[in-house]
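Before any comments, here is the structure.
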Amino acid sequence: MADDFEALDAYSTAVVRVAESVLPSVASLRVRTRRGDGAGSATVLTADGFLLTSAHVVEGADTAEAAFSDGTTIGTDVIGRDPLSDLAVLRARGVVPEPVLLGDAAKLRVGQLVVALGNPLGLAGSVTAGIVSALGRSLPTRAGRVVDEVIQTDAALNPGSSGGALADSSGRVVGVNTAVAGIGVGLAVPINDTTQRIIGMLMAHGRVRRAWLGIVSVHMPLPGPLVAKTGRSSGLRVAQVMPQSPAAQSGLCVGDIVLSVAGEPIASITALQPIGRRLEITVWRNGALVDVIAVPRELADA
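Okay, so the sequence shown: first residue is 1475 according to my numbering, each after it adds one.
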């Protein structure tokens, strides 16, 4: 094996190692719904049979058939779907291969090697490679909302790739392939702190409870004097406050710049904040730091 790797260049060696370590844990999915048959990909998440895929792959389905590269075929049950993040969790009715190792998409850099593994166009066990083309993209979902911090890659994706793994050069899965935005443009939902919490909720409860504040915000870098004063490099400018929302009741105003939530620096206001509990939000308003207290409500109740 060592001699074989010596015959490859560094790029090829990295891709081969990722394929050999991750591909056995990536399944091709066959899904049957009232609308007809569909296909996608899924990745083994835990040794006791949880698999991760895209929510749109199993939309309208309660079960799916997972086929692995060693020829094993296993029935699975859809445990939970979250259309707002386009993630879903399945549970296998049988023994699964070794689970993949999860990485942290927050550590990715533009230009970094990534490898996409899945079932494009029904071709099971396919591997493509490319680079991280951009980070922080937004992806509209079928649920009418937007997934933030999406990874853009030029690794070739095609219909059927959705739900498959996007891995870094060490073989850690850093994203779930979800969309083809054009030739040479693929998108993946990141594996990060927020999505790991979503996955955990789906595994444990089959659903995700989301907090709702009732604001529309845009990310912005802070000017130098404000960076020096607050120690923050970026914030969220409040562009809209919904009437009668928790944000409106707390006194948040259009033009406020949100600097922290519960004392933590903020790049986006996650919907996974505690529901029904007081939440301290620090904003910059009219040249001064102001603390407001909001009580998020559940999104379904908003």
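For every residue, glycine included, the Cβ atom is placed at its ideal position computed from N, Cα and C.
- Excluding five sequence positions before and after A1722, the CB atoms of its chain that fall closer than 7 Å to its own CB belong to G1688, V1715 and M1716, given in chain order.
- Selection P1571, G1585 and T1669 evaluated against T1547 yields P1571 as nearest (Cα-Cα).
- When DSSP states are grouped into helix, strand and coil, E1533 belongs to the coil group.
- Per the DSSP secondary-structure output, M1694 pairs in a beta bridge with G1709.
- The C-alpha of S1707 is placed about 11 Å away from the C-alpha of H1693.
- Using a C-beta cut-off of 8 Å, the stretch 1662-1674 makes contact with the stretch 1548-1567, since at least three inter-stretch Cβ pairs fall below that distance.
- For T1756, the enclosing beta strand (DSSP E) stretches over residues L1753 to R1759.
- Excluding residues up to 5 positions away in sequence, S1707 lie with their Cβ nearer than 8 Å to the Cβ of V1701 in the same chain.
- Per DSSP, the unbroken alpha helix (DSSP H) holding L1676 starts and ends at D1667 to H1679.
- For A1762, the three-state secondary structure derived from DSSP is strand.
- Taking C-beta atoms as the reference points, V1764 and I1731 fail to come closer than 8 Å.
- Straight across, the Cα-Cα distance linking T1520 with L1575 is about 9 Å.
- If you ignore the 5 residues before and after S1719, its C-beta comes within less than 6 Å of the C-beta of G1688, all in its own chain and listed in chain order.
- In the DSSP assignment, no residue is bridged to F1542.
- By the Cβ neighbour-count rule, H1530 is buried, with 16 or more other Cβ atoms within 10 Å of its own.
- For the set E1539, V1518 and A1516, the Cα lying nearest the Cα of R1506 is the one of E1539.
- If you draw a straight line from the Cα of P1697 to the Cα of A1484, it comes to about 42 Å.
- Ranked by Cα distance from G1568, the options R1555, D1578, G1577 and D1551 are led by D1551.
- Nearest in C-alpha terms to L1613, of all of P1748, S1607, G1737 and D1622, is D1622.
- For L1595, the number of other beta carbons within 10 angstroms of its own is below 16, and it is reported as exposed.
- Contact holds between the stretch 1596-1606 and the stretch 1628-1639, because three or more Cβ pairs, one in each stretch, are under 8 Å apart.
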